[in-house]
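Q: Numbering (this note's numbering), first residue to last: -11 to 449.
For each residue, glycine too, the CB sits at the ideal point set by N, CA and C.
These numbers come from a predicted model, not from an experiment.
I'd like to ask some things about the structure below.
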Ligand SMILES: Cc1cc2nc3c(=O)[nH]c(=O)nc-3n(C[C@H](O)[C@H](O)[C@H](O)COP(=O)(O)OP(=O)(O)OC[C@H]3O[C@@H](n4cnc5c(N)ncnc54)[C@H](O)[C@@H]3O)c2cc1C
């Protein structure tokens, strides 16, 4: 990189916030997507406020240098890999909670705020920010808005997009613009904040977020149900919702995942079960008791062979330990883990799980499946070894087939992990050429020189 350009960055940010040592650059070459090639950037900058972000973008725009915004780097789709070198803009210094407004039930935070910090700040007010990706303790608010993260509470509470009221962004020209606001109703002009939700750093840089909060539910009740037959588990998912009960959480784990978790944690899971469902209802105490009783009834009617209801908070934690351990347990078994998130309509879950099993058998690879059953959002988790070229070839074929099956069943390439680099090549199969052309027109209008996170979402522009 031109030393003069580096001097300009240092003039804006100070030398401590401009990293160029090879060992620093290496740390920003990759993210949580373990099967993608890593590329170190030319420089990493760590701004402290929106004005510094805007100044960096103006310098990058003037020299047409690629710029990759990075939160905690926990995305699973290669979204922060600096594919074409250039500048990584780390948002982690911008981590201030600017306001908790308990009257309007909103919070305003800088984009580098870790989600858990917002949860901790809102709790004393009796308020909750519901989107809860598995990485709630590390992922940033900006990164989760740019991915439109989901999580365990998606079924009842929705996902990140449902909580964004407004934001401050820095455009590809380096302008700072405030979008949206605190009003519950707001239909003035285009819904611009939502354009940036899920845009994966390709349209602008989110520097602040204004989000909705909800009251913390008074009570909750968790239970685990065992099924010897996958179809019966799927029927129970359908039946719970058909009875007009919307659990906060409704999760599924398949037999491979159950066995792997049990091997890892020894928590007494039924290793011969085809599936377990983990269900939690929450709300006002009386209503929760009634809903929990009805869920239990439905699970039994649908053929659950055992149902364990958590008697207290400690037992609830024990039940959730099974779900929390799913990924760590699977990850232990092979050197490389590829976590997908193909998503189908809820009613298609048994077909999807069966297809994943058939695909694994056909290509002789290991896939454990768990996920947010209530949302149709499954996580087929491929356990493999990136050093084994032949196995990786079979893994690629299997991934192609998993995505094709999800689309055939009326689903989508990604329920919550985003497209990034990993799924860019599949986008046209979901959106067709006209759909891709429309998205490209938006991208070109906002970022004509393609400096913002180039190579992500689109294979070509
Ligand atoms: C073990 C594990 C469990 C996970 N569980 C879940 C889950 O349950 N649900 C779920 O949805 N995801 C999950 N994820 C994926 C990931 O944690 C989420 O997508 C997370 O919200 C990303 O936040 P981040 O700060 O790490 O973003 P990063 O990975 O740093 O960035 C993600 C994308 O956002 C862009 N970006 C980052 N910050 C900004 C900004 N300020 N402005 C504009 N663009 C920006 C980046 O360029 C990139 O494209 C999981 C990941 C792991 C490793």
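Tell me the rounded alpha-carbon separation between residue 362 and residue 254.
A: Taking the first residue of the chain shown as position 1, residue 362 is located at position 374. Taking the first residue of the chain shown as position 1, residue 254 is located at position 266. The straight-line gap from Cα to Cα measures roughly 26 Å.
Q: Check whether the Cβ of residue 369 sits closer than 7 Å to any heavy atom of ligand 1, and report yes or no.
A: Here residue 369 corresponds to residue number 381 of the chain shown, with the count starting at 1. No, the beta carbon of residue 369 sits no closer than 7 Å to any heavy atom of ligand 1.
Q: Which word fits residue 336, buried or exposed, when buried means at least 16 other C-beta atoms lie within 10 angstroms of its C-beta?
A: Start at 1 with the first residue of the chain shown, and residue 336 comes out as number 348. With 16 or more Cβ atoms within 10 Å of its Cβ, residue 336 is classed as buried.
Q: Assign residue 200 to one of three DSSP states: helix, strand, or coil.
A: Taking the first residue of the chain shown as 1, we reach residue 200 at position 212. Correct three-state label for residue 200: strand.
Q: For the 8 Å Cβ check, are there 3 or more pairs between the stretch 11 to 31 and the stretch 320 to 327?
A: Flag = yes, the stretch 11 to 31 and the stretch 320 to 327 touch.
Q: Give me the DSSP bridge partner(s) of residue 365.
A: Working through the chain shown from its first residue, we reach residue 365 at position 377. For residue 365, which the question treats as bridged, DSSP gives the partners 331 and 360.
Q: Are the Cβ atoms of residue 460 and residue 140 separated by less than 8 Å?
A: Since the first residue of the chain shown is -11 and the last is 449, residue 460 is not available in this structure.
Q: Considering only residues of the stretch 144 to 211, which uninterrupted beta strand (DSSP E) runs meet the minimum length of 3 residues and lie entirely inside it, listed in chain order?
A: Runs of the beta strand (DSSP E) inside the stretch 144 to 211: 152 to 158, 164 to 168 and 193 to 200.
Q: Spatial neighbours of residue 106 within its chain, please: C-beta separation below 7 Å, excluding the five flanking residues on both sides.
A: As a position in the chain shown, residue 106 is number 118, starting the count at 1. Cβ neighbours of residue 106 beyond the five flanking positions: 85, 95, 97, 117 and 129.
Q: Leaving out five residues on either side along the sequence, give the residues of the same chain with a beta carbon under 6 Å from the beta carbon of residue 317.
A: Walking along the chain shown from the start, residue 317 turns up at place 329. So the qualifying residues of the chain are 248, 249 and 252.
Q: Let me know if residue 409 comes out buried or exposed under the rule of 16 or more other beta-carbons within 10 Å of its beta-carbon.
A: What you label residue 409 is simply residue 421 of the chain shown in a count that begins at 1. By the 10 Å Cβ count, residue 409 comes out buried.
Q: Between residue 194 and ligand 1, is there a pair consisting of the residue's CB and a ligand heavy atom that are separated by less than 7 Å?
A: If you number the chain shown from 1, residue 194 lands on position 206. Answer for residue 194: yes, Cβ within range of ligand 1.
Q: Going by the C-beta, is residue 405 closer than 7 Å to any heavy atom of ligand 1?
A: For the purposes of this step, residue 405 is identified with residue 417 of the chain shown, where counting begins at 1. True, at least one ligand heavy atom lies under 7 Å from that Cβ.
Q: Taking only heavy atoms of ligand 1 into account, decide whether any of them is closer than 7 Å to the Cβ of residue 19.
A: Against the chain shown, residue 19 aligns to sequence position 31. Residue 19 Cβ: within cutoff of ligand 1.
Q: Are residue 294 and residue 214 close, meaning C-beta to C-beta below 8 Å?
A: Translated into the one-based positions of the chain shown, residue 294 becomes position 306. Translated into the one-based positions of the chain shown, residue 214 becomes position 226. Cβ distance < 8 Å, so residue 294 and residue 214 count as in contact.
Q: Tell me whether residue 262 sits in a helix, a strand or coil according to DSSP, three-state version.
A: For the purposes of this step, residue 262 is identified with residue 274 of the chain shown, where counting begins at 1. Residue state, collapsed to three classes: coil.
Q: From residue 411 to residue 61, what distance separates their C-alpha atoms?
A: Residue numbering aside, residue 411 sits at position 423 when the chain shown is read from its first letter. Residue numbering aside, residue 61 sits at position 73 when the chain shown is read from its first letter. The alpha-carbon atoms of residue 411 and residue 61 are separated by roughly 17 Å.
Q: Hey, out of 333, 401 and 381, whose CA is closest to residue 373's CA?
A: As a position in the chain shown, residue 373 is number 385, starting the count at 1. Of the candidates 333, 401 and 381, the one whose C-alpha sits nearest the C-alpha of residue 373 is 381.
Q: Going along the chain, which residues of its own chain have a beta-carbon closer than 6 Å to the beta-carbon of residue 334, five neighbours each way excluded?
A: Along the chain shown, one-based indexing puts residue 334 at 346. Same-chain partners within the cutoff: 364.
Q: Does DSSP classify residue 446 as helix, strand or coil?
A: The sequence position of residue 446 within the chain shown is 458, counting from 1. Reduced to three states, the DSSP call for residue 446 is coil.
Q: Mind checking who residue 241 pairs with in its DSSP beta bridge?
A: Sequence index remark: in the chain shown, residue 241 carries index 253 (1-based). In the DSSP output, where bridge partners are listed per residue, residue 241 has 264 and 358.
Q: Is the beta carbon of residue 220 less than 8 Å from the beta carbon of residue 291?
A: Taking the chain shown and counting its residues from 1, one reaches residue 220 at position 232. Taking the chain shown and counting its residues from 1, one reaches residue 291 at position 303. Yes, Cβ-Cβ distance for residue 220 and residue 291 is below 8 Å.
Q: Within the present structure, is the beta-carbon of residue 441 separated from the nearest heavy atom of ligand 1 by less than 7 Å?
A: Position 453 of the chain shown holds residue 441. Yes, ligand 1 has a heavy atom inside 7 Å of this Cβ.
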